[in-house]
Amino acid sequence: MLTIDKGRRGVGPGQHRVLCLERLSVLCSTPLGPASLAASQRQLQLSIHRLHRSISSYSPAAAPLSLSSSSSKGEEAVLEQQQQPRSTPTRATTVTVASTSSSPLAPELRQAIMEAPRPSELAQPSPTPPQEQPVDAATTTPHHIPSSSKSIRFPLRPGKGTIGTRCMVKANHFFAHLPNKDLHHYDVSITPEVTSRIVNRAVIKELVNLYKASYLGGRLPAYDGRKSLYTAGPLPFTSQEFQITLLDDDDGSGSERRQRTFRVVIKFAARADLHRLELFLAGRHAEAPQEALQVLDIVLRELPSARYAPFGRSFFSPDLGRRQPLGEGLESWRGFYQSIRPTQMGLSLNIDMSATAFIEPLPVIDFVAQLLNSDIHSRPLSDAERVKIKKALRGVKVEVTHRGNMRRKYRISGLTIQPTRELTFPVDEGGTVKSVVQYFQETYGFAIQHTYLPCLTVQRLNYLPMEMVKHNAYQDDPYAKEFGIKISDRLASVEARILPAPRLKYNETGREKDCLPRVGQWNMMNKKMVNGGKVRSWMCVNFARNVQESVDFAPEPILPPLNARPDQVERALKARYHDAMNVLGPQRRELDLLIGILPDNNGSLYGDLKRVCEIDLGIVSQCCCTKQVFKMNKQILANLALKINVKVGGRNTVLVDAVSRRIPLVTDRPTIIFGADVTHPHPGEDSSPSIAAVVASQDWPEVTKYAGLVSAQAHRQELIEDLYKIWQDPQRGTVSGGMIRELLISFKRSTGEKPQRIIFYRDGVSEGQFYQVLLYELNAIRKACASLEANYQPKVTFIVVQKRHHTRLFAHNHNDQNSVDRSGNILPGTVVDSKICHPTEFDFYLCSHAGIKGTSRPAHYHVLWDENNFTADALQTLTNNLCYTYARCTRSVSIVPPAYYAHLAAFRARFYMEPDTSDSSSVVSGPGVRGPLSGSSTSRTRAPGGAAVKPLPALKDSVKRKVLTIGLYFKLHLLRNWRLGAVVQVQLRRE
């Protein structure tokens with residue numbers, strides 16, 4: 002199996018080879034998954050952050066919270082499994098054997114929330130923590146690192162919801178019978194140590210084959226590929242040493258294969274406690290015993306790991322479905338995901354279909370041509386192309402084709418800067434050098450043709466030209482039987498409810514003053530927007546060749562529509578803007594709107610247009626594809642009107658219950674609703690920053706308009722660093738700022754009220770990060786509130802929104818037209834809070850949208866903190882109703898709009914990043930952190946590894962002054978109506 006080295010281990014001088022790109026062949030497909038987390042991120046997920054001094058200026062009423070945490074052994078194993086590279090397995094031939102004979106503290110969060118360090122501190126490696134001790138928040142010192150998260154308790158489920166029409170749905174969960182076995186855990190030591198799980202598995206597999214009946218007492222163990230081995234009962238020894246000899250794969254040369262001997266020591270460690278798991282499933286134990294879950298997960302992954310290509314939590318094979326070419330040298334493989342999960346119905350096995358991209362097995366030079374989508378056989382590479390190739394090929398295993406039947410294998414570590422024709426290397430100790438071209442001609446009789454291309458660098462300092470490389474049935478599972486695990490073969494049947502759609506209010510002057518959506522949809526016929534915006538001056542630039550000037554634009558734009566080439570977007574926009582301002586300038590007017598017509602396949606044109614408009618010119622823009630221009634039916638025009646209206650300060654619709662103040666825990670007192678998300682760079686982009694975005698409602702009680710902020714932060718950092726910040730100003734001294742503080746001030750300015758409640762929807766957090774994100778970000782929210790006013794303590798509800806899970810819901814009877822939408826999916830508003838949900842905590846699945854194509858994916862909402870004491874009905878209904886207030890369409894959306902807006906805001910910020918065409922990863926390219934008092938800052942923030950994050954580019958004042966929707970349009974103004982003085986506000990509305 003050709004693999005990508007996710008560890009990205011550095012290779013020093015004299016330890017790597019350089020291979021020419023000719024005569025090389027990719028061994029087989031390579032998985033193309035997300036880049037591995039840096040060591041600092043892994044440390045962050047495996048230990049909770051340090052706790053500092055208390056802040057006693059405020060005392061929110063809160064549920065018991067104790068601030069100590071650590072990862073379980075199961076979490077560490079899963080993280081290691083996702084990060085470690087795989088290599089080609091070897092076979093064993095000869096074997097010899099040698100025999101050898103608390104109760105955590107949970108103090109009230111009364112007068113303080115503990116101050117957490119910066120996320121960059123979390124990334125630093127910490128010493129192994131001492132024996133776990135309960136941590137008192139009042140006595141924690143900055144040097145103490147808590148070693149357990151067991152004392153943190155998420156809110157318990159406040160009962161199940163009752164609102165809605167009851168129905169039955171099926172879920173892709175399969176009931177798993179808990180084994181009645183005495184599970185034993187053994188430590189495994191393999192010397193010499195290897196990093197490949199596949200080699201480790203080959204060693205243990207041969208050991209089991211040879212000694213199962215004798216030394217292993219007939220047991221069939223399950224092995225995690227690292228340090229842990231589990232058995233269903235004790236082995237006949239407490240410690241045993243084995244000598245295992247493996248042979249390398251046959252390279253086709255006919256020469257004798259190399260032997261490798263491993264010393265394996267298996268030593269008893271502990272017994273896995275399944276009783277605690279039973280108590281947890283019954284709701285009588287607060288925390289899931291991760292080790293017991295890990296054992297069951299390893300057992301059920303043992304057989305698929307041997308049959309298929311494991312990648313992350315999924316397994317892939319070209320035999321599980323037809324391969325699909327994706328272009329750029331990639332193809333898709335089908336596979337499946339599986340995970341054992343504790344639920345209300347007991348243990349369940351969650352199984353889902355999945356697919357991922359693999360590198361095609363083809364000549365590397367052909368792969369490069371597909372990757373670049375251009376002919377490289379007659380020209381050298383540009384710097385940008387070379388960087389793209391390097392990122393795509395780094396870690397890929399290849400084999401050479403210039404040595405006949407001898408197909409030696411290498412792993413690519415990089416790309417040379419010089420072309421092949423300029424590369425030389427010493428051939429003797431006397432200093433004699435020889436060129437790579439000359440060496441291949443004299444040694445192998447091969448004339449390198451593409452001497453202008455660089456070479457691939459691999460281990461041991463060799464050069465290799467590009468043209469030399471070619472790029473469960475669980476009832477029958479022997480491991481499940483061994484451990485007594487029984488998996489049901491039926492989808493779980495789950496009770497669900499269909500929540501009613503909310504009534505939407507429109508302008509009183511329209512023929513229809515309100516409407517009730519049907520199956521998650523409605524239209525704008527006979528309706529007028531609640532608040533209409535105004536466009537007094539606009540212009541159009543057409544980048545599509547097949548759209549002529551005969552398109553009717555009314556009323557008349559400032560200038561006639563301009564046709565321009567897509568590769569001249571910046572020049573065309575700036576020239577046309579200059580012409581428009583020559584007309585508007587003398588009238589002291591501004592250009593309100595630019596309409597851009599784009600080709601259907603426009604590549605980077607959309608992002609380039611947005612970047613030029615918002616960074617260079619300060620124009621609000623609305624894009625439209627060619628195919629929509631030719632259609633131009635009423636629905637398309639209505640959708641464009643929705644987007645344009647909110648961009649120019651209008652409001653499309655509001656909830657009737659919001660206007661009449663009938664939304665529990667929202668409309669009775671001033672409430673602000675936040676949404677937050679962090680987007681990370683694409684796989685292979687190991688230097689670009691992550692982008693964090695936070696949005697917040699700016700009207701009450703309607704909660705329809707949203708303002709927001711974006712910030713660049715350290716690469717793949719999930720915690721939002723800029724929620725609350727303190728810095729030193731030369732004139733003003735210590736100054737407080739950050740996203741939360743500024744958005745609270747903006748809410749006060751817009752509504753005249755201080756928020757008395759905060760509802761915070763946080764997107765993109767995995768289960769393993771719940772504790773860290775809650776502690777750090779709740780702490781930042783508390784500090785931001787306290788910095789505005791003494792004893793300012795709005796109650797906080799913190800909810801995680803998850804879309805990247807693997808639970809799917811299906812109609813119980815697809816033939817019943819009353820239980821499915823037009824796509825055959827479950828109806829919008831379907832909510833599940835039983836059976837497949839957490840045994841004790843407050844979570845639910847909500848499918849708030851109507852399906853269009855494929856299987857609808859419900860959103861998973863998990864409440865991590867709730868001082869507002871929401872009932873299940875109140876929170877589920879609020880979340881579902883908000884999904885009908887999304888401003889860009891007349892459909893309910895799949896996740897709550899604040900989280901949706903935050904995601905889109907962070908995604909838009911990436912358009913402002915300049916492409917990285919350098920090999921250096923010491924400086925993070927792209928927009929940097931937003932400065933505390935302006936839309937951008939010239940200072941740099943250090944990433945955990947010492948890398949600098951560049952500042953965000955400044956937006957034009959003309960864009961900042963406009964009140965628009967979230968598409969990353971900003972409004973900058975001074976706010977002086979809170980007692981702490983003037984701060985700069987960046988206001989953002991949804992596109």
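Just add 1 to the spot in the sequence shown (first one is 1) and you have the working numbering. Just so it is clear, CB atoms sit at the ideal spot from N, CA and C, and this is done for glycine as well. As the structure is a computational prediction, the values presented were derived from the model and not from experiment.
- The segment 167–212 contains, as complete beta strand (DSSP E) runs of 3+ residues, the segments 174–178, 184–192 (chain order).
- Under DSSP, the beta-bridge partners assigned to ASN351 are HIS174, SER340.
- The beta carbons of GLY313 and THR872 sit no closer together than 8 Å.
- One thing to note: PRO671 has its Cβ no nearer than 8 Å to the Cβ of PRO562.
- No Cβ-Cβ contact shorter than 8 Å links TRP523 with LEU594.
- GLU719 sits in coil when the DSSP states are folded into three classes, being neither helix nor strand.
- Within the segment 743–823, the complete alpha helix (DSSP H) segments at least 4 residues long are 771–789, listed from N- to C-terminus.
- In the DSSP assignment, ALA283 falls outside any alpha helix (DSSP H), carrying neither H nor E.
- In the pairwise beta carbon analysis, the segment 874–886 is classified as not touching the segment 805–817: fewer than three pairs are separated by under 8 Å.
- In the three-state reduction of the DSSP assignment, ASN543 falls in the strand class, which pools E and B.
- Around the C-beta of ALA214, fewer than 16 other C-beta atoms lie within 10 Å, and the residue is accordingly described as exposed.
- Residue range 726–730 is occupied by the beta strand (DSSP E) that includes LYS726, with no alpha helix (DSSP H) assigned at that position.
- Setting aside the 5 residues that flank it on each side, ASP834 is surrounded in the same chain by ARG158, LYS161, GLY162, ASP844, PHE845, TYR846, ALA873, GLN877, each with a C-beta closer than 8 Å to its C-beta; the list follows chain order.
- DSSP, reduced to helix, strand and coil, places ILE837 outside both helices and strands of the structure shown, so it counts as coil.
- Annotation for SER489: PHE175, PHE176 place their beta carbon closer than 6 Å to its own, counting only its chain and skipping 5 residues before and after.
- Around ARG662, the same chain offers THR668, PRO702 as residues with beta carbons nearer than 6 Å, after the five sequence neighbours per side are excluded.
- The beta carbon of ILE205 sits closer than 6 Å to those of TYR224, all from its chain and outside the five residues before and after it, given in chain order.
- Contact between the segment 292–309 and the segment 334–348 is present: 3 or more CB-CB pairs across the two stretches fall below 8 Å.
- Counting along the chain, the unbroken alpha helix (DSSP H) around PHE908 starts and ends at 898–910.
- Of the candidates TYR309, ASP822, CYS890, the residue whose Cα lies closest to the Cα of ARG519 is ASP822.
- SER849 is the residue among VAL864, SER849, SER375 whose C-alpha sits nearest the C-alpha of VAL832.
- In chain order, ALA293 place their CB closer than 6 Å to the CB of LEU275, counting only its own chain and leaving out the 5 sequence neighbours on each side.
- Here GLY415 carries a strand assignment [DSSP, helix/strand/coil].
- In the three-state DSSP reduction, HIS276 falls in the helix class (H, G or I).
- At least 8 Å separates the beta-carbon of LYS726 from that of GLY709.
- Under the DSSP definition of a beta bridge, TRP701 lacks any partner.
- Taking C-beta atoms under 8 Å as the contact rule, ALA787 and ILE721 fail to qualify, at a distance of about 18 Å.
- Taken atom to atom, the span from the alpha-carbon of ILE449 to that of ILE360 is near 25 Å.
- If you keep only unbroken beta strand (DSSP E) runs of at least 3 residues inside the segment 607–668, you get 622–626.
- DSSP places PRO326 in the strand class (E or B) of the three-state scheme.
- Under the DSSP definition of a beta bridge, VAL711 partners with ALA694.
- When the five nearest sequence neighbours on each side are left out, the beta carbons in the same chain lying within less than 7 Å of the beta carbon of VAL438 are those of THR421, ARG422, ILE449, THR452, in order along the chain.
- A distance below 8 Å separates the beta carbons of LEU457 and LEU416.
- Inclusion of SER333 and ARG324 in the CB contact set at 8 Å is warranted, their separation being smaller than that value.
- For PRO840, the closest of ALA289, ASP249, ARG220, ARG261 by C-alpha to C-alpha distance is ALA289.
- Ranked by how close their Cα comes to the Cα of LEU348, the residues ASN583, PHE908, LEU574, ILE486 have ILE486 in first place.
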